[in-house]
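Visitor: Starting off with a structure, shown below.
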Amino acid sequence: MPFDRIQRRSLPLTTAPTSVEPLPSVSKALGRDVWIKRDDRSSTAYGGNKPRKLAFALAEALDRNARAVITMGAYGSHHCLATAIHAAPLGLEVHLVVAPQPVNEHVENNVRLDLAHGATLHVARNPVDVAWKTWRLRRALARSGRAPFVVSPGGSSAAGSLGYVQAGLELAEQVARGEMSKPEEIVVAFGSGGTVGGLALGLVLAGMPVPIRAVRVAPPPLSNRFWLRGLLKRTAELVTKRRPEAAELATNALALVHLEPGHLGVGYGVPTSAGERATALAAEDGIHLDPTYTAKAFAGLVARAPSVGAGPILFWHTLSSVSLDASLANAPPAPAWLSAGTALSRR
Numbered sequence: 274m275p276f277d278r279i280q281r282r283s284l285p286l287t288t289a290p291t292s293v294e295p296l297p298s299v300s301k302a303l304g305r306d307v308w309i310k311r312d313d314r315s316s317t318a319y320g321g322n323k324p325r326k327l328a329f330a331l332a333e334a335l336d337r338n339a340r341a342v343i344t345m346g347a348y349g350s351h352h353c354l355a356t357a358i359h360a361a362p363l364g365l366e367v368h369l370v371v372a373p374q375p376v377n378e379h380v381e382n383n384v385r386l387d388l389a390h391g392a393t394l395h396v397a398r399n400p401v402d403v404a405w406k407t408w409r410l411r412r413a414l415a416r417s418g419r420a421p422f423v424v425s426p427g428g429s430s431a432a433g434s435l436g437y438v439q440a441g442l443e444l445a446e447q448v449a450r451g452e453m454s455k456p457e458e459i460v461v462a463f464g465s466g467g468t469v470g471g472l473a474l475g476l477v478l479a480g481m482p483v484p485i486r487a488v489r490v491a492p493p494p495l496s497n498r499f500w501l502r503g504l505l506k507r508t509a510e511l512v513t514k515r516r517p518e519a520a521e522l523a524t525n526a527l528a529l530v531h532l533e534p535g536h537l538g539v540g541y542g543v544p545t546s547a548g549e550r551a552t553a554l555a556a557e558d559g560i561h562l563d564p565t566y567t568a569k570a571f572a573g574l575v576a577r578a579p580s581v582g583a584g585p586i587l588f589w590h591t592l593s594s595v596s597l598d599a600s601l602a603n604a605p606p607a608p609a610w611l612s613a614g615t616a617l618s619r620r
């Protein structure tokens, strides 16, 4: 079923297709063929996996005549930052409800960049408080006539996940053109689920059912197979309006996903020693990883390498590589409340 049958508007936020490239130093170190999908370059404004999802989510906000968007995440959330960067030029007021995580320089810089791009931050005490603050904020904005739209955490609504349905089709086209061989396995970070779920659906639609190793980077209550199953079902129903066909599509997509729980470490945002080693290895090929998401996912790839079949392993890079140094140089100082966050300890 061709994806262009979906009558769903998206915004031109990405520079897709992103390239697929070999990682020669990593391949030599692991003794096998390792490639990378360069979604770090998915946008010239701010890349990573968020622009593909926001292209659909923010289109939905505009279609509903929203004047403000609300989304949520941890203090240093890349999704929150991506929303601030991509939504503000559309004339949307951006509100971010943020919850504590271990604070390091990377987290501090993301908070400062949120502020530099005009976002208003609302600080919650914990995930329950995030839900409460989001509800209150939505009501307050609606009462003031500012028509709010809530973007799901990570952009992982059914509409947002369509961005990665497209990405799965995009990869299949690249394989068909001979840009790389069909991957033996795809390794990607698993957080809110939209990237993994959309990608699985896209691969099924393309007739290229490659196994996906989804490396958990968030706690199980927030990142689990039960949630993914529901997201797949809702997204499949946007791809096809025929419920039996949607159910079969979601089932086949879920079968591609293999959850890898062993690299979260002691918690979200806390670096792991395996992640630090993976970061050093990726750097040999000029690839920058972050400790919260991509370092743990790449550590999963390193651990999997000896047991995967002979074909190439594809690492799907989800961290933006766009330099924001100029924005950071002019960003406000870190707010006082950030110093109350959990101090980062080396684990």
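The sequence shown runs contiguously to residue 620 in the numbering used here. Note that CB positions come from ideal geometry on N, CA and C, so glycine has one too. The model shown is predicted, which means the values in this text are computed figures rather than measured ones.
1. Terminal residues of the continuous beta strand (DSSP E) containing tryptophan 610?
2. On a CA-only basis, which of Pro544, Phe588, Lys406 and Ala523 is nearest histidine 379? Give me that one, please.
3. Can you give me the Cβ contacts of isoleucine 309 inside the same chain, cut-off strictly under 6 Å, excluding the 5 residues immediately before and after it?
4. With DSSP as the reference, label alanine 397 as helix, strand or coil.
5. Buried or exposed for valine 539, please, with buried defined as at least 16 other CB atoms from any protein chain shown within 10 angstroms of its CB.
6. According to DSSP, is proline 421 part of a helix, a strand, or is it coil?
7. Between Gly584, Gly573 and Leu529, which has its C-alpha nearest arginine 498's C-alpha?
8. Hey, glycine 304 and alanine 357 are a contact pair by Cβ (cut 8 Å); roughly how many whole angstroms apart?
9. Would you mind giving the Cβ-Cβ distance between leucine 554 and valine 370, rounded to the nearest angstrom? I have them listed as a contact below 8 Å.
10. Figure out for me which residue from Pro290, Tyr541, Gly364 and Ala520 has the closest Cα to the Cα of arginine 419.
11. Taking buried to mean at least 16 other C-beta atoms within 10 Å of its own C-beta, is aspartate 313 buried or exposed?
12. Report the residue from Ala339, Gly548 and Val438 whose alpha carbon sits nearest the alpha carbon of glycine 535.
13. Going by the DSSP bridge assignment, what does proline 426 pair with across the sheet?
14. I want to check one thing, is the minimum distance from the CB of glycine 535 to the heavy atoms of the ligand NAP below 7 Å?
15. Nearest to alanine 332 by alpha carbon, out of Asp387, Leu435 and Gln374?
16. Helix, strand or coil, according to DSSP, for leucine 537 in the structure here?
17. Valine 488 and alanine 462 - do their beta-carbons sit closer together than 8 Å?
18. List in chain order: all unbroken beta strand (DSSP E) runs of 3+ residues lying wholly within the stretch 307-389.
19. By Cβ distance, which residues of its chain are closer than 8 Å to alanine 289, with the 5 residues on each side in sequence left out?
20. Closest by CA to glycine 255, which one among Ser292, Thr291, Val307 and Arg281?
21. Identify the residues that DSSP records as bridge partners of alanine 440: which are they?
22. For arginine 282, which of helix, strand or coil comes out of DSSP?
23. Going by beta carbon distance, what residues of the same chain come within less than 7 Å of asparagine 603, once the five residues before and after it are set aside?
24. Identify the residues that DSSP records as bridge partners of phenylalanine 463: which are they?
25. Given this structure, state the Cα-to-Cα distance separating alanine 551 from phenylalanine 571, to the nearest angstrom.
26. Starting from leucine 587, follow the beta strand (DSSP E) in both directions and report where the run begins and ends.
27. Taking arginine 311 as the reference, give the member of Lys569, Leu504, Asp558 and Gly584 with the closest Cα.
28. Look at alanine 445 and leucine 394 and say whether their C-beta atoms are less than 8 Å apart.
29. Would you please state the rounded distance, in angstroms, between the beta carbons of alanine 526 and leucine 505? I believe it to be under 8 Å.
Guide: To lay it out plainly:
1. Neither: tryptophan 610 is in no beta strand (DSSP E) and is coded neither H nor E.
2. Looking at the Cα atoms, Pro544 is the closest of the given residues.
3. Cβ-Cβ distances below 6 Å link isoleucine 309 to Glu294, Leu296, Phe588 and His590 in the same chain, with the five nearest sequence neighbours on each side left out; the list follows chain order.
4. Coil.
5. The residue is exposed, with fewer than 16 neighbouring Cβ atoms inside 10 Å.
6. In the three-state reduction of the DSSP assignment, proline 421 falls in the strand class, which pools E and B.
7. In terms of CA proximity to arginine 498, Leu529 leads the group Gly584, Gly573 and Leu529.
8. At roughly 42 Å, the Cβ-Cβ gap does not stay under 8 Å, so glycine 304 and alanine 357 are not in contact.
9. 36 Å between Cβ atoms; not a contact.
10. With distances taken between Cα atoms, arginine 419 lies closest to Gly364.
11. With 16 or more neighbouring CB atoms inside 10 Å of its own CB, aspartate 313 falls in the buried class.
12. Comparing Cα-Cα distances from glycine 535 to each of Ala339, Gly548 and Val438, the minimum goes to Gly548.
13. Answer is none; proline 426 lacks a bridge partner.
14. In the structure on display, the ligand NAP does not appear, and there are no ligands present to speak of.
15. Here the closest residue by C-alpha is Leu435.
16. Under the three-state reduction of DSSP output, leucine 537 falls in the coil class, being neither helix nor strand.
17. Cβ distance < 8 Å, so alanine 462 and valine 488 count as in contact.
18. Counting only unbroken stretches of 3 or more residues, the beta strand (DSSP E) elements lying wholly within the stretch 307-389 are 307-310, 341-347 and 366-372, in sequence order.
19. So the qualifying residues of the chain are Ser315, Arg325, Gln439, Ala440 and Glu443.
20. Given that the chain is displayed from residue 274 to residue 620, the structure contains no residue 255 and the question cannot be resolved.
21. Note: alanine 440 sits in no beta bridge, so no partner.
22. Coil, per DSSP.
23. Cβ neighbours of asparagine 603 beyond the five flanking positions: Ala389.
24. Arg489.
25. Approximately 6 Å between the Cα atoms of the pair.
26. That run of the beta strand (DSSP E) goes 586-589.
27. Among Lys569, Leu504, Asp558 and Gly584, the Cα nearest to that of arginine 311 belongs to Asp558.
28. Contact: no.
29. The pair is a contact, with the Cβ atoms about 5 Å apart (cut-off 8 Å).
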